[in-house]
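Read in order, the letters of the sequence shown are residues 3 to 342 in my numbering.
The beta carbon of each residue, even a glycine, is placed where N, CA and C say it ideally should be.
First comes the structure, then the notes that go with it.
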Amino acid sequence: MKTGMKNATSFKWRAALLLLVVAGAVSQAGAQVLTRRDADEIRVLARERVKGLNDLLNAIANEDLSNYERRYLMMNSYMPSNDQIFVNDGVIVEDDVDPKHKGSAPGLDTPIEKYLSNFDLFYAKSETNTIEFTNLVVSDVKVDKYPFVKVFYTQHFKGKSNKDNTPYTPIARVAELRADKSGNDWIVFLTRIAFNSAESAKSVPVTPKPSATYDSLQRKKEPVVSKATDRPPVAKAEDAKEGERVFKELNKPNAEAAANARKWGAIKLGAGVAALAFGAVTYSMLNKDYKEYKKLIDNPEGLTSYAKPGIYVSVGAAAVGLGVSLTSLFDFKRAKQLSQ
C-alpha cells in the first residue's frame, strides 16, 4: 500500500515537472528572437528618440514659436503623425516641471498631454536652448511581450520656473521604450519617463492604453488601396498638340536660350559645389556620433550599418553634387552651340 502511494506521488511530481518544461518550451517558442543586429539597431533608435524628446522640450520653450505652433508640436508627439515620439496619448511621465520634484514619489504620475501642457505653462521661454540631456546610457534590449529598452540620462533644466523661485538642479531620469518591427525596419517609441531609481531600472515596461481618439486616428493612417475602377489619365488631342507646340518653341535656337543655358550652367555649378560640401559635412557628423555609439555598445556594427540611412544621404549628396556639377558643363556647351 505504501509502495503504491509512493509511486503515485512520484508520478504526480514527474507530471508537474513535465508540464513546467512544456510551458517553458511554449513560452520560448512564442518569444521573439532578436539578432545582434536587431538589438544594436533598437539601441541606436532608442538613443535618437530620447534626443528627440530633448529637441521637443527645447522647441516648446522657444519664445519665437506661437501658441498654435507649440500646441501642434506637443499633440504630434503623442498622436499618429510623422513627428510622433511617444507610443500613444496614454504615456505617463513622472512630473519634473516643478523644481521641487527631484525623485519618485506618490502623486507625480502625469499623463503626457498634461505634462507637456504644464511644461509649456510653467517653464520660462527663451531665445536659446535651455534643456540638455547628458550622460545617455542605453541598456541591453530585453524581450517580454515585445522588445524593450531603457535609456538613462541626466537632465539639465537651465531655465527658470514660472511657478516659484526654486532653481532647477540636474536630475537622473530614465526613459522606457518599446520596439516593433515594420517590414525590415524597427520602430521605437517612448512608453514612460520617470526619475531614475532602483525600482524603475528593474521594472518591465507596460504599454499604456491609448484613448479612443488615438485609436480612431491610427486607423485613418492606413494607406488607401487603389480601386479596380481607377483608370490611368489619358491626354486629350488638343493637350497633345499644345504640348508639341511648346516643345518646338522651347527648342528653337536663339540668343535668349543661349543666355539662359549659361545662367543655368552657373547655377548648377554652384549647387553642385554646395552639395559636395554638404555630403562631406554630413559624413563628418555621422562619424563623430558613431564614436559616441561605440563607447556605449559592446561589439558595435560598422559605420555603414550604424549610420544607415544617414550615411547614404551624405554619400548621395556628394554624388548628386558631382552629377550636378557635370551637367553644368553640358549647359555651358549647349550655350556655345546656341550662340553660333
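The stretch 106-114 makes no contact with the stretch 136-154; the number of CB pairs closer than 8 Å stays below 3. For Asn164, the three-state secondary structure derived from DSSP is coil. Taking 3 residues as the minimum length, the beta strand (DSSP E) runs contained wholly in the stretch 95-161 are 111-113, 133-140 and 149-159, in order along the chain. With respect to Ile195, Leu47 sits apart: the two C-beta atoms are not nearer than 9 Å. For Ile189, the enclosing beta strand (DSSP E) stretches over residues Asp187 to Phe197.
Residue pairing by DSSP places Leu179 opposite Val151 and Leu192 in a beta bridge. Sequence-distant partners of Ile44 (beyond 5 residues in either direction) whose C-beta falls short of 7 Å from its own C-beta, in its chain, are Val143, Pro149, Val151, Ala181, Trp188 and Val190. Judged by their CB atoms, Leu118 and Met76 are nearer to each other than the 9 Å cut-off. Taking the C-beta atoms as reference points, Val93 is found no nearer than 9 Å to Asn120. Within the DSSP bridge table, the entry for Ile173 names Gln157 as partners.
Rounded to the nearest angstrom, the gap between the Cα atoms of Lys147 and Leu36 is 13 Å. Going by DSSP, Asp91 is part of no alpha helix (DSSP H) at all; its letter is neither H nor E.
Between the alpha carbons of Asn131 and Gln220 lies a gap of roughly 32 Å. If you compare the alpha carbons of Asn69, Thr168, Tyr170 and His103 with that of Leu123, the shortest gap goes to Asn69. Distances from the CA of Val153 to each of Asn198, Ile173 and Tyr170 were compared; the closest alpha carbon is that of Asn198.
Taking each of Glu129, Ser83, Asp42 and Ala41 in turn and checking the Cα distance to Gly161, the smallest one comes out for Glu129. Around the beta carbon of Glu65, fewer than 16 other beta carbons sit within 10 angstroms, so the residue counts as exposed.
For Ser163 and Tyr125, the gap between their C-alpha atoms comes out near 5 Å.
Looking at the backbone, the Cα of Pro108 and that of Glu96 are separated by about 10 Å.
Shortest Cα-Cα distance from Leu59 to any of Lys104, Ile133 and Ser106 involves Ile133. In the three-state DSSP reduction, Ser184 falls in the strand class (E or B). Here DSSP, grouped into helix, strand and coil, assigns Asn56 to helix.
The residue from Ser106, Val89 and Glu71 with its alpha-carbon nearest to that of Ala200 is Ser106. With 16 or more other CB atoms across the displayed protein chains lying within 10 angstroms of its CB, Val52 is buried. Between Pro172 and Thr156, the beta carbon gap of about 5 Å places them in contact (Cβ cut-off 8 Å). Rounded to the nearest angstrom, the Cβ distance from Pro212 to Asn84 is 18 Å, too far for a contact under 8 Å. When the alpha-carbon of Ala203 is set against those of Leu179, Thr215 and Pro210, the nearest one is in Leu179. Cα atoms of Pro207 and Arg175: separation of roughly 15 Å, rounded to the nearest angstrom. The beta-carbon separation of Arg72 and Ile62, rounded to 5 Å, stays under the 8 Å limit for a contact. In this structure Thr168 touches Lys102 by the C-beta definition: roughly 6 Å separates them, less than 8 Å. Bounds of the alpha helix (DSSP H) holding Asn69 are Asn69 to Tyr80. A straight-line Cα-Cα distance of about 37 Å links Leu67 and Ser205. Around the beta carbon of Ser218, a 10 Å sphere encloses fewer than 16 other beta carbons of the protein chains shown; the residue is thus reported as exposed.
Bounds of any alpha helix (DSSP H) do not take in Ala63, whose DSSP letter is neither H nor E.
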